[in-house]
Ligand SMILES: [Zn+2]
Ligand SMILES: [Zn+2]
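Numbering (our numbering), first residue to last: 49 to 339.
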């Protein structure tokens, strides 16, 4: 199975919604045996449809443990008599970052892509350039980062890792197939940069609460999405705090956020995390030279 001859079919789960767009995409990859990626929620009718479409299944794979992707996996594995692999799912064999999974002639690389969730993995077939991104990249709209399991610092690192793969097309967890993988990944990175710039400029005007920032930044979105937007703004603020560029004042929920200047090492000038005067490597170097 080489190049564009790699058969990839989709069975759409009947779980349309705010997070799931038209529903979860269950992907069937290869032929006799097949991989089945993300059987979705435990919906017996859907699992039967996937089983009929997939034929002989070599392995069932799960991108992450969210309820719209994972709960059907173990029942589906039982239904078709195939092993189930996931990074974090009861009843599945645990995947490791960088490993490969095999079904017949077909090999998929497992790429750990934390950010949307900490357990998220993508699957990559290098010969065809097909990349299965789960919820890290969607066919339409943006991925939702909900702290604390969601983490924007890790998410951006994962997007860059996926960009470096040189994938051709993206088969997402929701929404249509993306034919130009690189353009989409660049667009995703640019979108987060833009959001960050909006938050940084809000903080530059003085301390703000998250709802105040949402009112301004998401002014053109319906009110119904504002609670989700608040989680996303929190993810950005946590990233800025991690970089020493923002800090929380007051209590967790009702508190405000304010801009802060990153502290720098008094010896080498690099950013310092925590309260010390020196960065870790300078602290170590000074300890060693004191012998
Ligand atoms: Zn998800
Ligand atoms: Zn999803």
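Idealized CB from N, CA, C, for every residue including glycine.
With 16 other Cβ atoms within 10 Å as the buried cut-off, status of residue 220 = buried
When the Cβ atoms of the stretch 280-295 are set against those of the stretch 243-261, are three or more pairs found closer than 8 Å?
-> yes
Roughly how many angstroms separate the alpha carbons of residue 71 and residue 60, rounded to a whole number?
-> 6 Å
Do the stretch 111-130 and the stretch 82-99 meet, that is, are 3 or more Cβ pairs less than 8 Å apart?
-> yes
Alpha carbon of residue 197 to alpha carbon of residue 267, nearest angstrom | 27 Å
Can you list the beta strand (DSSP E) stretches of 3 or more residues lying completely in the stretch 211-281, in chain order?
-> 217-220
Does the distance from the C-beta atom of residue 58 to that of residue 74 stay below 8 Å?
-> yes
Neighbour-count burial assignment, residue 327, 16 or more Cβ in a 10 Å radius = buried
Where does residue 110 land, buried or exposed, given buried means 16+ other C-beta within 10 angstroms?
-> buried
Cβ-Cβ distance between residue 201 and residue 112 below 8 Å = no
Would you check if the stretch 211-230 and the stretch 174-183 touch, i.e. whether three or more CB-CB distances between them fall below 8 Å?
-> yes
Evaluate residue 240 with the Cβ neighbour count: other Cβ atoms within 10 Å of its Cβ, from every protein chain shown; 16 or more gives buried, anything less gives exposed.
-> buried
With a CB to CB cut of under 7 Å and the five nearest residues on each side skipped, what residues in its chain are close to residue 130?
-> 105, 106, 107, 108
Hey, could you find the ends of the alpha helix (DSSP H) residue 337 is sitting in?
-> 328-338
Taking the alpha carbon of residue 92 as the point to measure from, which residue in 150, 146, 63, 134 has its own alpha carbon closest?
-> 63
Is the CB-CB distance between residue 124 and residue 95 below 8 Å?
-> yes
Does the beta carbon of residue 165 fall short of 7 Å from some heavy atom of ligand 1?
-> yes
Let me know the beta strand (DSSP E) ranges lying completely inside the stretch 93-138, each 3 residues or longer, listed in chain order.
-> 105-109, 132-134
Less than 8 Å separating the beta-carbons of residue 222 and residue 165?
-> no
Around the Cβ of residue 139, are there at least 16 other Cβ atoms within 10 angstroms (buried) or fewer (exposed)?
-> exposed
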